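The next block holds one structure in the form of structure tokens; read it before the comments.
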Amino acid sequence: MSRKPRWAGCNRIELTKVDSTNEEAGRQALKGACHGTLVVAREQTAGQGRRGRSWYSPPGDSIYMSLLLRPLLTPDKASMLTLVMGLAAARGIRQVCHLEPAIKWPNDLLVREKKVCGILTRLQMKEEAIDSLIIGVGINVNQLDFPEEISAVATSLQRESGRAFEKTELIEEVMAAFEDCYDCFFQTGDLSLLKQEYNEGLINRGRQVRLVASGKEWTGEALGINDVGELLVRRQDGCIEQVFAGEVSVRGIYGYV
Ligand code: BTN
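Taking the numbering used here, I'd label the letters of the sequence shown as residues 144 to 400.
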């Protein structure tokens, strides 16, 4: 039995088909939708991924959802909430599916080194302040086949466990876990209370990673995140860099992880 969230998803908008739940949540925000509104769709026709990529979103078997928040937060802290959702999704998957997802910084969840969940956050500003923060979550739940171009890096919960899962149960568990993690975040205004759990689940930790940002590429050993969610990477010369998620791409030296 999944837990019932207190506020996350209290106002739920369920759609058969939408361009992108992130876009729809953005439109709902402009119409005044409240903190905790959750947009869930059975299919996306223009699902969005990180770094301008698309997110494969066929009908039925997977979760496409976007949680709309109206946090009292300065914009520089918003990216931390993406990591908070990553942790919540990992907790939800562990609880419902009895799988142990690993986190690929900043917020991909992997099972056996293949991706089962991706998260994309979008901010809408009013003057200098956050009007709404939308956290979009895609979870490959019962999908068995993937297009060739992503089949080497993507998998689903059913493929990895041999069982099908109730999407509604998983959504509720992720939302309940998000509430717990969100409370921890707001106690300190950073990730200090969540950092240990995050780093324990971090697949990059202790591994050589290749970072690509603004056309530049460098490698180093990933050490874990700091209190604000930056990835600490020890360069070959021993210097430790703090990497902000933004538009950076992190890969293993020999492949995806
Ligand atoms: C990534 O590239 O890893 C991020 C993928 C995020 C996909 C989700 S599915 C629900 C929400 N709506 C979108 O268009 N994207 C996010």
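Even glycine gets a Cβ: it sits at the ideal position worked out from N, Cα and C.
As the structure is a computational prediction, the values presented were derived from the model and not from experiment.
(request) Flag this pair as yes or no: are the beta carbons of L230 and Y341 separated by less than 8 Å? (result) yes
(request) Could you name the residues that DSSP lists as bridge partners for S361? (result) The sequence as given places Trp at residue 361; Ser does not occur at that position. Paired residues: L354.
(request) Helix, strand or coil for I236, going by three-state DSSP, please let me know. (result) helix
(message) Does N347 come out as helix, strand or coil in the three-state DSSP assignment?
(response) coil
(message) Closer than 7 Å to a non-hydrogen atom of the ligand BTN - does that hold for the CB of M318?
(response) no
(message) Going by beta-carbon coordinates alone, are A245 and G344 separated by less than 8 Å?
(response) yes
(message) Going by the DSSP bridge assignment, what does Q191 pair with across the sheet?
(response) S197
(message) Rounded to whole angstroms, what is the Cα-Cα separation between Q379 and A356?
(response) 18 Å
(message) So that I know if they touch, is there some Cβ in chain C lying closer than 8 Å to that of A151?
(response) Absent from the structure is chain C; it holds one protein chain and no more.
(message) Nearest by alpha-carbon distance to K269: which of M208, T217, T298, L313 is it?
(response) T217
(request) With a threshold of 7 Å, establish whether the CB of N154 neighbours any heavy atom of the ligand FAD. (result) This structure does not include the ligand FAD; its bound ligands are the ligand BTN.
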